[in-house]
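Working notes, beginning with the structure itself.
Protein chains: 2
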Amino acid sequence: MPLRIAIFDDNNNIRDSIGLLLRTEKEFEVVGSFPHVLDCVADIKACRPDIVLMDIEMPGMTGIEAVRTLKKEYPEVLIMMQTVFEDDDRVFDSICAGASGYILKNFLNTRLIDSIKELQFGGSPMSPSIARKVMMKMQQVTEQMRPAGNTNYQLTPREKEVLACVVNGLSYKMVADALHISYETVRSHIKKIYEKLHVASLTELVHKTMKERIV
Amino acid sequence: MPLRIAIFDDNNNIRDSIGLLLRTEKEFEVVGSFPHVLDCVADIKACRPDIVLMDIEMPGMTGIEAVRTLKKEYPEVLIMMQTVFEDDDRVFDSICAGASGYILKNFLNTRLIDSIKELQFGGSPMSPSIARKVMMKMQQVTEQMRPAGNTNYQLTPREKEVLACVVNGLSYKMVADALHISYETVRSHIKKIYEKLHVASLTELVHKTMKERIV
DNA sequence: TTTACAATCCCCAAAAGTGGTGAGTCGCCG
DNA sequence: CGGCGACTCACCACTTTTGGGGATTGTAAA
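Chains as they are written, first to last, in my numbering: chain L, 1 to 215; chain Y, 1001 to 1215.
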């Protein structure tokens, strides 16, 4: 079964040359080639590609919006972005929008085939600088996820369960019901948790728990 | 000026063969080679590498903890992880801890030199499957950053003030005091907010507010 | 075996929050 | 001007939470 590929690019020459290039590979089949993304959902619906090559600069709807739209409708389609410039920020955005790979047009001739195969087999081909950017963003985000880091309050498993419940908005009674224990037991746990987290009310508790990503 | 490289790996053979391999490149200089990471901070302080090759499985302190520690002390040092198995999760964690690249030991011979150079010139060499994992995590995280996106609950400025207070753990009385209004007024605002956010208790309110990044 | 602690349950009195209803002032817009 | 909405305040009845006390069981470490 061949790998079905669709191309979106406003430049006819590039579209054609990509098509020619891809046709040199037996297992590739170019099933669509479009100069804009205004009808991209309908286009994809019609040609059913496995992989989409998406130019990032296009008239009308931009490639990155198209990615977002397409990914919402067809999450299983893999999208590889391509751009002339090493336009880090926009490519980065499009990656966040749902693209799985990225390649510079300069490298189309030498790297396109390999990149598509990498994409097909579970990889995410991207240029070095983008990779670094993604890594740093990654680290930055996970960093802000745990502010104090090693804030270990030594909650017991049961206490964590109770905490999870109240944080999700359950009242003591509902927690008791959910965990099949009595109302008074819930209270006992809560009291302990209050001591351990140094709070004195549910609002503080929820706030601290969510801010510090406990439970 | 040569590129200074340090190696951490508990396997002497691997450490030696990596050293030999790297010495074939004129611009590389192996400035340190250590069988464990227990003194990694001191080691780095002593040999001052530009790039660290870090084995992920090691006795005592694990490679990933070492990454976290080192990055705290020497954020400018680039760290490349290496592992025998394609141990996605742990490698992924170490990347989050601050590693800038990752390579499978199988590929050491063929890809190590290139990967180090890629690292040196601003890239983030990593195996395809890890790249994909990172991408997906990236998308998932940025997704949860804006949950519904356009969740506009039309809170008035005053209501937002009140909300900010209660979310920070203040009781009604304290809010009243802080905003120089009466207790009953605070209650009025809270009631309105409850309606607008479709919640029925403070815990739900705090939870929803924090989850959806209101205030 | 004693000690320690998680987990379960109970009671009382005080404090805080919830729901409903009503109502006054102010400023803005048609 | 009249209506609307933001902001302010009040009262009543009710529920929920909080801060003290205490008790029992079982398990696991000292």
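Don't be surprised by glycine CBs; every beta carbon is placed ideally from N, CA and C.
Say whether chain Y places a C-beta atom closer than 8 angstroms to the C-beta of residue i.
| i | result |
| --- | --- |
| residue 131 of chain L | yes |
| residue 121 of chain L | yes |
| residue 115 of chain L | no |
| residue 63 of chain L | no |
| residue 206 of chain L | yes |
| residue 139 of chain L | yes |
| residue 19 of chain L | no |
Specify, as a first and last residue, the run of the alpha helix (DSSP H) that residue i falls within.
| i | result |
| --- | --- |
| residue 1161 of chain Y | 1157-1167 |
| residue 1006 of chain Y | Per DSSP, residue 1006 of chain Y belongs to no alpha helix (DSSP H); it is in the beta strand (DSSP E), 1003-1008. |
| residue 1018 of chain Y | 1012-1023 |
| residue 69 of chain L | 63-73 |
| residue 1081 of chain Y | Premise fails: residue 1081 of chain Y lies in the beta strand (DSSP E), 1078-1083, not in any alpha helix (DSSP H). |
| residue 1206 of chain Y | 1202-1211 |
| residue 127 of chain L | No alpha helix (DSSP H) holds residue 127 of chain L; DSSP gives it neither H nor E. |
| residue 1038 of chain Y | That residue, residue 1038 of chain Y, is in no alpha helix (DSSP H); it is neither H nor E in DSSP. |
| residue 1174 of chain Y | 1172-1179 |
| residue 109 of chain L | 108-120 |
Hey, is residue i's beta-carbon within less than 8 angstroms of any beta-carbon in chain L?
| i | result |
| --- | --- |
| residue 1142 of chain Y | yes |
| residue 1095 of chain Y | yes |
| residue 1135 of chain Y | yes |
| residue 1118 of chain Y | yes |
| residue 1128 of chain Y | yes |
| residue 1210 of chain Y | yes |
Ignore the nearest five residues each way along the sequence and tell me which others in residue i's own chain have a CB closer than 7 angstroms to its CB.
| i | result |
| --- | --- |
| residue 1199 of chain Y | 1205 and 1208 |
| residue 1192 of chain Y | 1159 |
| residue 1094 of chain Y | 1056, 1063, 1064, 1067 and 1081 |
| residue 1086 of chain Y | 1104, 1127 and 1129 |
Cβ atoms of residue j and residue i: under 8 angstroms apart, would you say?
| i | j | result |
| --- | --- | --- |
| residue 40 of chain L | residue 3 of chain L | no |
| residue 1067 of chain Y | residue 1099 of chain Y | yes |
| residue 1203 of chain Y | residue 179 of chain L | no |
| residue 1113 of chain Y | residue 1053 of chain Y | no |
| residue 103 of chain L | residue 125 of chain L | yes |
| residue 1162 of chain Y | residue 1186 of chain Y | yes |
| residue 153 of chain L | residue 197 of chain L | yes |
| residue 1084 of chain Y | residue 1105 of chain Y | yes |
| residue 1138 of chain Y | residue 138 of chain L | yes |
| residue 32 of chain L | residue 43 of chain L | yes |
| residue 131 of chain L | residue 1169 of chain Y | no |
Could you tell me the boundaries of the beta strand (DSSP E) in which residue i lies?
| i | result |
| --- | --- |
| residue 1032 of chain Y | 1028-1034 |
| residue 194 of chain L | First-last for residue 194 of chain L: 183-197, but that is the alpha helix (DSSP H), not the beta strand (DSSP E). |
| residue 52 of chain L | 51-55 |
| residue 1104 of chain Y | 1101-1104 |
Take residue i and list the residues in its own chain whose beta-carbon comes closer than 8 angstroms to its own, dropping the five residues that flank it on each side.
| i | result |
| --- | --- |
| residue 27 of chain L | 2 and 3 |
| residue 1183 of chain Y | 1172, 1173 and 1176 |
| residue 210 of chain L | 167 |
| residue 1025 of chain Y | 1113 |
Quick one: residues in its chain with C-beta nearer than 6 angstroms to the C-beta of residue i, no 5 flanking neighbours on either side, listed in chain order?
| i | result |
| --- | --- |
| residue 35 of chain L | 10 |
| residue 30 of chain L | 5, 19 and 22 |
| residue 15 of chain L | 7, 9 and 33 |
| residue 1189 of chain Y | 1159 and 1162 |
query = Quick one, which residues of the segment 1151-1173 of chain Y are near chain L if we go by CB-CB under 9 angstroms, in chain order?
reply = 1166, 1167, 1168, 1169, 1170 and 1171
task = Residues of the segment 1170-1202 of chain Y with a CB closer than 9 angstroms to any CB of chain L: list them in chain order, please.
result = 1170, 1171, 1199, 1200, 1201 and 1202
task = Name, going along the chain, the residues of the segment 28-39 of chain L whose beta-carbon falls closer than 7 angstroms to a beta-carbon of chain Y.
result = none
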